[in-house]
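Colleague:
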Ligand code: ADE
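Residue numbers (our numbering): 214 to 486.
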C-alpha cells in the first residue's frame with residue numbers, strides 16, 4: 214500500500230516511523246510519503262489560508278496550494294506505479310471512522326490524505342478531485358481537533374495493522390472489538406498474563422482450566438458485561454439472533470431483556486446495583 218500525506222506540519226507525522234506502522238514500512242508492506250503543503254505556496258510568506266467568504270471566524274485553506282500539491286502528488290504516485298488512489302479528507306463533518314471502514318481502506322492500494330488546519334479546505338478542492346478519483350470525508354469522532362493530522366495517524370495505524378503480514382498472528386484481529394465475526398458488536402473483555410498473583414489479586418480460575426469451551430463462554434460473558442457497562446448502544450442495536458441461550462441468560466443477569474421487537478434493552482424492573 215502507498216500512503217501520501219499533504220500537511221503544513223510534516224513533523225506531526227513522525228510517529229509513522231515507529232512501532233507497527235514503522236515496521237510495516239520497513240517490511241515493505243507500506244510506503245509513506247509526507248509532503249509539506251507550503252512547498253506549493255506561491256507568495257513570499259508561504260501563505261496557505263485566507264478569510265472565509267461570507268464572514269465568520271477562522272481561516273480557510275486556499276485552493277491554489279492544495280490544487281498544485283495534489284496534482285504533483287498524484288502525478289508522482291502514478292509515475293512510481295501506484296494506482297487507484299482514494300482521497301481521504303479528515304474532517305469532523307465526515308463519515309464516522311469504524312473498524313469496517315479500516316478493513317475497506319486496508320484493501321485499497323493507495324491512500325492520499327489531506328489533513329487540514331484552520332476551518333478546513335475551500336470546498337472546491339474536494340469537488341474538483343471528486344471528478345477524478347473517489348473522495349472519502351472521514352471523522353474519527355464527535356469532537357473537534359486542531360487539525361486532521363492526528364486523525365491521519367489514527368486511521369493509518371488502524372489500517373496498517375490489517376495489512377497482510379504486518380501483525381504476527383492473523384487471529385489477533387479476528388477477535389478485535391468491532392471486527393466482523395462471532396464477537397461482532399461486542400467489546401473485548403478483560404485479559405490477564407503472568408504472574409498468577411499480583412498484590413493479592415489472582416486470575417479467573419476458568420482461564421487456568423484448559424477447557425476451551427468454558428473459556429470461550431467466560432470470554433463471551435465478560436464481553437457482554439463490558440459492552441452493557443460501556444456501550445449499551447451496541448447491545449440495543451444488535452441483531453437479537455446473534456444472542457444464544459447463554460447470552461440471553463447473561464443479559465438477564467445484567468438486567469437486560471428483549472423488548473416487543475426482540476431487541477434487547479434494560480429491564481426497568483431489574484435491580485442491578
Ligand atoms: N479534524 C478536526 N477534527 C477532526 C475529527 N474529529 N476527525 C477527523 N478530522 C478532524
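Backbone N, C-alpha and C define an ideal beta-carbon position, used for all residues, glycine too.
Cα separation between residue 223 and residue 345?
Modeller: Roughly 26 angstroms separates the two Cα atoms.
Colleague: Roughly how many angstroms separate the alpha carbons of residue 372 and residue 315, rounded to a whole number?
Modeller: Approximately 5 angstroms between the Cα atoms of the pair.
Colleague: Just to confirm, does residue 325 get its C-beta within under 8 angstroms of one of the non-hydrogen atoms of the ligand ADE?
Modeller: Flag unset: Cβ of residue 325 not near the ligand ADE.
Colleague: Counting pairs of Cβ atoms below 8 angstroms between the region 395-409 and the region 335-343, do you hit three or more?
Modeller: Verdict: no, contact absent.
Colleague: So does residue 353 have its beta carbon nearer than 8 angstroms to some heavy atom of the ligand ADE?
Modeller: Flag set: Cβ of residue 353 near the ligand ADE.
Colleague: Note down, in chain order, each residue of its chain lying with its Cβ closer than 6 angstroms to the Cβ of residue 247, except the 5 sequence neighbours on either side.
Modeller: Excluding sequence neighbours, residue 247 sits near 218, 223 and 226.
Colleague: How close, in whole Å, do the beta carbons of residue 333 and residue 286 come, if the pair is a contact with beta carbons under 8 angstroms?
Modeller: No, residue 333 and residue 286 are not in contact; Cβ-Cβ is about 19 angstroms, not under 8 angstroms.
Colleague: Decide if residue 291 is buried, meaning its Cβ has at least 16 other Cβ atoms within 10 Å, or exposed.
Modeller: Exposed, since its Cβ has fewer than 16 Cβ neighbours within 10 Å.
Colleague: When you compare only the Cα positions, how much space is there between residue 318 and residue 256?
Modeller: Residue 318 and residue 256: Cα-Cα distance of roughly 36 angstroms.
Colleague: So for residue 463, helix, strand or coil by DSSP?
Modeller: Residue 463: helix per DSSP, three-state reduction.
Colleague: Are the CB atoms of residue 323 and residue 297 within a distance shorter than 9 angstroms?
Modeller: Yes; because the gap between Cβ atoms is below 9 angstroms, this pair is in contact.
Colleague: Please name the residue or residues paired with residue 411 in a DSSP beta bridge.
Modeller: Bridge partners of residue 411: 414.
Colleague: Taking its Cβ as the centre, do 16 or more other Cβ atoms sit within 10 Å of residue 262, making it buried, or is it exposed?
Modeller: Result: buried.
Colleague: Give me the residue from 270, 242, 352 and 429 with the minimum Cα distance to residue 367.
Modeller: Among 270, 242, 352 and 429, the Cα nearest to that of residue 367 belongs to 352.
Colleague: Just how far apart, CA to CA, sit residue 428 and residue 241?
Modeller: Each residue's alpha carbon lies about 38 angstroms from the other.
Colleague: On the DSSP letters alone, give me the boundaries of the beta strand (DSSP E) that residue 422 sits inside.
Modeller: Where residue 422 is concerned, there is no enclosing beta strand (DSSP E), given that its DSSP letter is neither H nor E.
Colleague: Taking the alpha carbon of residue 244 as the reference point, which residue from 268, 426, 215 and 251 has its own alpha carbon closest?
Modeller: The candidate whose alpha carbon is nearest that of residue 244 is 215.
Colleague: How far does the beta strand (DSSP E) with residue 231 in it extend, from its first residue to its last?
Modeller: Unbroken run through residue 231: none, as it is neither H nor E.
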